[in-house]
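Position in the sequence shown (from 1) plus 1 gives the number in the numbering used here. Idealized CB from N, CA, C, for every residue including glycine. Quick caveat, the model's predicted, so the values are computed rather than measured. Report on one structure; see the data block that follows.
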Amino acid sequence: MVRALSLMAACVLAAGCTTDAAADKAPASQRPVTSSAEQSSPEERPSPVASVHSEGSTRVLEYGDLVVRATPEASGVRTEIEVANTYERNATYSVQISIADGEGWTAHNRFWIQDVPAGETGRDEAMIGSADMGPAPQTPKIFVDEFTPVVDRK
C-alpha cells in the first residue's frame, strides 16, 4: 500500500498535476477562456475508416459521409461522389479525389459541392483522366486527398 501511494505521489509530481483546491486558487487571468464562437463550432469528428468494394466494373469507396464511385471508360474514369450532410446546418464540401492504377497512371479532380441542406445528400460527377494518358485503369484505385466540410454559421 505504501508503494502504491509513493507511485501515485511520484506521478502527480512528475506530471505537474494539481488538486481541485489548487485549481480553484489560480488567478482568473491564468484560466483558459473559451469564446461563445468556439463553443458553437461543429465538433471535430474522428477520422473515418475507408471501405472499398466492387459493383460490377465500378469500384466504390465509402469514407465516412462520402461515397465515391469510379467506373472505367474509354476516355478516363467516370467518377461520381455523394456527400451526406450530417450537420445541423447547410454545408459546402471541398473534395479532391485521385484515381490511379498503381503502376504510374494517376489523375485527380477537385469537386465543390455547395449548399447541401442539413440531412440531405449532395452529388457531383466528372470524368477523371483522359484518353491522352493511355488506357484507363480497369480496377481503379480511389484516393481521398482532401475532404473538407465548411458548415454555415447562421
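Residue closest to residue i, alpha-carbon to alpha-carbon, out of the options
| i | options | result |
| --- | --- | --- |
| M128 | D153, N91, N110 and A92 | N110 |
| G130 | V151, P141, V145 and G123 | P141 |
| R91 | A108, P118 and A85 | Before going on, a small fix: residue 91 reads as Asn here, not Arg. N91 has its Cα closest to that of P118, out of A108, P118 and A85. |
| Q97 | G77, R154 and L67 | L67 |
| D102 | Q115, V78, P47 and G120 | V78 |
| Y64 | R154, V152 and D146 | D146 |
| Q115 | D153, R70 and P47 | D153 |
| F112 | V61, E56 and V69 | V69 |
| G120 | Q139, A51, G135 and A85 | A85 |
| V50 | L62, G135 and E126 | L62 |
Residue burial classification, residue i (beta-carbon count within 10 angstroms, cutoff 16)
| i | result |
| --- | --- |
| A137 | buried |
| Y94 | buried |
| P150 | buried |
| T1 | Examination of residue 1 is not possible in this model, given that the chain is present from 2 through 155 alone. |
| T122 | exposed |
| A75 | exposed |
| A132 | exposed |
| Q139 | exposed |
Residues bridged to residue i [DSSP beta-bridge criterion]
| i | result |
| --- | --- |
| S99 | H109 and F144 |
| T87 | According to DSSP, T87 bridges with nothing at all. |
| R79 | T72 and M128 |
| E56 | T59 |
Simplified DSSP state of residue i, which is helix, strand or coil
| i | result |
| --- | --- |
| A92 | strand |
| A132 | helix |
| Q139 | coil |
| D125 | strand |
| A51 | strand |
| D116 | strand |
| R154 | coil |
Nearest-angstrom beta carbon gap, residue j and residue i [assumed within contact, 8 Å]
| i | j | result |
| --- | --- | --- |
| R124 | E89 | Wrong, their Cβ atoms sit about 21 Å apart, outside the cutoff. |
| T59 | T72 | 4 Å |
| F148 | S99 | Not really, about 12 Å apart at Cβ, beyond 8 Å. |
Contact test: residue i Cβ vs the ligand ATP heavy atom, cutoff 6 Å
| i | result |
| --- | --- |
| A71 | Judged by which ligands are present, the structure shown has none, so any question about the ligand ATP falls away. |
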